[in-house]
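Basically this note's numbering = 1-based index in the sequence shown + 823. Beta carbons are placed, not taken as given, at the ideal position from N, Cα and C, and that holds for glycine.
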Amino acid sequence: MRRPLIAGNWKLNKTINEAEELTTALVAELADVTETDILIAPVFTALSRVAALVDNSPIQLAAQNCYPQETGAFTGELSPLMLKDAGCSAIIIGHSERRQLMGETNQLINLKVQTTLNAGMQVILCVGETLEERDNEEMLEVLSAQIKGGLADLSAEQMQNLVVAYEPVWAIGTGKTASDEQAQEAHSFIRGLIQGLFNPEVAEACRILYGGSVKPDNVDGLMAQTDIDGALVGGASLKADDFCRIVKFERIER
Ligand code: PEP
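In structure tokens:
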């Protein structure tokens, strides 16, 4: 069985004080969670302070991005090792906002994935189609290119430290969630791609999160799907009550 993972992507939100306030509420409310992995990804400037607060709690810290080099003349960038030094155990890579707004390619994303895994950290690799791509029936082709490109040259062993997040771009921040069936269909397709690239054991073990307007009122149905192993949560991760309810989703037999 794959262990559920609920991750909160805070994006470009919260000052250090606000991040500390939210984290304090999460630590208090989630202290007794044992059956679900929990990650939060604050802005870079809040990482060290949030790291101190989540120490000795079930909450782990993630960064929202990294640069694919360890050190050097790369003004304004942060390496996985530096993010690890700040207390992160994971990095979100290839989020659709970075693909769209910063022009990140599958090739660059693959370099970031490799550098992060080499630093001994966990990767959350985001993939997902736009509405236009879905309407043009290009979804499978796009997902296939993103998975094959993002996972290029990785070993089966490295895959143990990698989580995929399927986030249909049309569902991010829009309030439109993919239906349970749409999400399951995409997750099952992605698991099949991973099986083709590696082997059935790697595919069976790899966690695939759903992201796109996950809220307290839709998380239970999504989590009941066979190939949905968790959620990457944007907007709802900024509110302690909503995020805690999502972490404590109702387990429906599947
Ligand atoms: C995200 O950005 O990863 C996300 C899923 O956002 P939201 O939950 O707000 O749709």
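How is the beta strand (DSSP E) around Cys949 delimited, first residue to last? Start and end: Gln945 to Val950.
By alpha-carbon positions, which one of Thr894, Val866 and Ile861 ends up nearest to Ile882? Distance check between Ile882 and each of Thr894, Val866 and Ile861 places Ile861 closest, using alpha-carbon atoms only.
Give the range of the alpha helix (DSSP H) segment to which Leu839 is assigned. The sequence shown places Ile at residue 839, not Leu. Ile839 to Leu853 is the extent of the alpha helix (DSSP H) around Ile839.
Proximity winner among Ala830, Lys1062, Leu1032 and Leu924, relative to Ser912 (alpha-carbon distances): Cα-wise, what sits closest to Ser912 is Ala830.
Return the first residue and the last residue of the alpha helix (DSSP H) that Asn941 is part of. Here the alpha helix (DSSP H) through Asn941 covers Asn929 to Asn941.
Can you say whether Lys935 is buried or exposed, counting buried as having 16 or more other CB atoms within 10 angstroms of its CB? Flag for Lys935 reads buried.
Closer than 8 Å to a non-hydrogen atom of the ligand PEP - does that hold for the CB of Gly899? No; taking the cut-off as 8 Å, the Cβ of Gly899 has no heavy atom of the ligand PEP nearer than that.
Count the CB pairs spanning the stretch 978 to 996 and the stretch 1024 to 1040 that are closer than 8 Å, and state whether there are at least three. Counting Cβ pairs under 8 Å, three or more are found: they touch.
Between the CA atoms of Thr838 and Leu1061 - distance to the nearest angstrom: Between the alpha carbons of Leu1061 and Thr838 lies a distance of about 12 Å.
Report yes or no: do the stretch 850 to 857 and the stretch 1059 to 1073 share at least 3 C-beta pairs separated by less than 8 Å? Enough Cβ pairs lie closer than 8 Å, so yes.
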